[in-house]
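End of the sequence shown = 306 in the numbering used here, gap-free, step of one.
Down below is the structure, laid out as structure tokens.
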Amino acid sequence: MVTPTPSFTSPPFTSSPGEATPAITEFRVAVINMMSPVVVDTANTIASETYEQRLDLLIEELKILKPDIVAINEWTNTKAHGNPAAKLGKELKMEYQWVRANPWFPGQSKEQNDAIADQIGFQEGEIILSRHRILRAESKWLTQRTSETEGRAVLHLVVQAPEPLGEVEVYITHLTGGGDRVRAAQATSVASIIKETRGKGPLLFVGDLNDVPGSATTQPFVDAGLLDAVGDAPLFTCCRDGIIGELPPLTTRTTHIFASGWAPPQLSVFGDKPRKRADGSFLYPSDHNGLFAIFPVPPREQAPP
2 MVTPTPSFTS PPFTSSPGEA TPAITEFRVA VINMMSPVVV DTANTIASET
52 YEQRLDLLIE ELKILKPDIV AINEWTNTKA HGNPAAKLGK ELKMEYQWVR
102 ANPWFPGQSK EQNDAIADQI GFQEGEIILS RHRILRAESK WLTQRTSETE
152 GRAVLHLVVQ APEPLGEVEV YITHLTGGGD RVRAAQATSV ASIIKETRGK
202 GPLLFVGDLN DVPGSATTQP FVDAGLLDAV GDAPLFTCCR DGIIGELPPL
252 TTRTTHIFAS GWAPPQLSVF GDKPRKRADG SFLYPSDHNG LFAIFPVPPR
302 EQAPP
């Protein structure tokens, strides 16, 4: 594993002088693969043409859900569309950190990889937004690459949630192609990173692993003592053949929420219903559904008199 330069952050957390933070009774988490606007088929540019509209749809849904944490795979910064991080942070009133997974080539300096990103006109990776103060963040690239041109990364945040939670650790990654053996090896590396860097408080590991529950890709996280918070709930996240029109329901789950130190959550999906546009067509925020979890937070046990 290689540690990249620190990921970028939003402006510092601010609060009104003397403002009291009420105790938290639940912790809300939203996770989605946003579908990159980068075009891989020049005959089909819909993902790029609809990106701003899709981002607005996502923000609209997230404002209703009021999550404490938003985790997004395929965060993408392009010359055509700019960096959505600032817009997400401003609209949702959340701090954020992101890590660039691509382009990154081992053996190249940060400046050389930055120059490659500038030349090709895009960066892709993961972003976490937090309603609470981000205390610290770190990110690592995985040594096991999906292909010669595609790297994978892990982002780890520690946020200061209100009492009785305190510090909460959040990890995100996105595993893609490369085959079952590559993804399983990448997952083993991610699980090792979690074990090496986690603290003692509640922990969440989220992301699209491009594999289903019970697979060789998810097993390392179970072996690391994390609980599949979604389990066998009939909630599906993958994948639509398109984003325009009213399309069939999804039947597979590749997005995951693993947890440690939490009570069982209430679960649902979001982004599963298209919105009607001015031209009468229907548009989904992504080719994936998002997962939404509400973890109950019981009051801290009172000390005996």
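Beta carbons: idealized from backbone N, C-alpha and C, even for Gly.
- As DSSP reads the structure, tryptophan 76 sits in a beta bridge with Gly126.
- For tyrosine 172, the uninterrupted beta strand (DSSP E) run begins and ends at 168-174, by DSSP.
- Rounded to whole angstroms, the Cβ separation of glutamate 139 and histidine 157 is 5 Å, and the two are in contact under 8 Å.
- Only residues of its own chain outside the window of five on either side were considered, and among them Met35, Pro85, Ala86, Trp99, Glu125, Gly126, Glu127, Ile128 have a CB closer than 8 Å to the CB of tryptophan 76, listed in chain order.
- Alanine 31 is positioned such that its CB atom lies closer than 8 Å to that of glycine 291.
- C-alpha of arginine 132 to C-alpha of lysine 94: approximately 7 Å in a straight line.
- Here DSSP, grouped into helix, strand and coil, assigns phenylalanine 283 to strand.
- Beta-bridge analysis with DSSP links lysine 277 to Phe283.
- For valine 183, same chain residues with a beta-carbon under 7 Å away, outside a window of 5 residues either side, are Gln145, Thr147 in chain order.
- In terms of Cβ geometry, valine 298 and leucine 166 form a close pair [threshold 8 Å].
- Linking phenylalanine 28 to leucine 63 through their CA atoms gives a straight-line distance of about 14 Å.
- Counting only runs of at least 4 residues, the stretch 133-202 fully encloses the following alpha helix (DSSP H) elements, listed from N- to C-terminal order: 181-198.
- In the structure shown, the three-state DSSP call for isoleucine 65 is helix.
- CA-to-CA, the gap between valine 191 and asparagine 211 works out to about 14 Å.
- Counting C-beta atoms within 10 angstroms of its own C-beta, arginine 55 has 16 or more neighbours from the protein chains shown and is therefore classed as buried.
- Proximity of the stretch 244-252 to the stretch 213-232 falls short of the contact definition, fewer than three beta-carbon pairs being nearer than 8 Å.
- In the DSSP secondary-structure assignment, isoleucine 70 is bridged to Val30, Ser131.
- Here DSSP, grouped into helix, strand and coil, assigns glycine 272 to coil.
- Valine 223 carries a helical assignment under DSSP once its states are collapsed to helix, strand and coil.
- For glycine 90, the uninterrupted alpha helix (DSSP H) segment begins and ends at 85-93.
- When Cβ pairs closer than 8 Å are counted between the two stretches, the stretch 263-283 is seen not to touch the stretch 174-182, the count staying below three.
- Alanine 24 sits close to glutamate 164, with the two beta carbons spaced by under 8 Å.
- Under the DSSP assignment, aspartate 233 falls outside any beta strand (DSSP E); it carries neither an H nor an E label.
- DSSP places glutamate 96 in the uninterrupted beta strand (DSSP E) bounded by 96-103.
- Per DSSP, reduced to three states, the secondary structure at leucine 251 is coil, with no helix or strand assignment.
- Secondary structure note for isoleucine 47: it is in no beta strand (DSSP E), and the uninterrupted alpha helix (DSSP H) holding it is 47-50.
- Cβ contact annotation for threonine 79 (same chain, cutoff 7 Å, sequence separation greater than five): Pro38, Val39, Gly122, Phe123, in chain order.
- When only Cα atoms are considered, proline 275 and leucine 236 end up about 17 Å apart.
- Taking 8 Å as the cut-off, the Cβ atoms of leucine 58 and proline 265 do not count as close.
- With a cutoff of 8 Å on beta-carbon distance, arginine 153 and alanine 102 are scored as near each other.
- Per DSSP, alanine 118 has no beta-bridge partner at all.
- With respect to valine 71, leucine 130 sits close: the two C-beta atoms are nearer than 8 Å.
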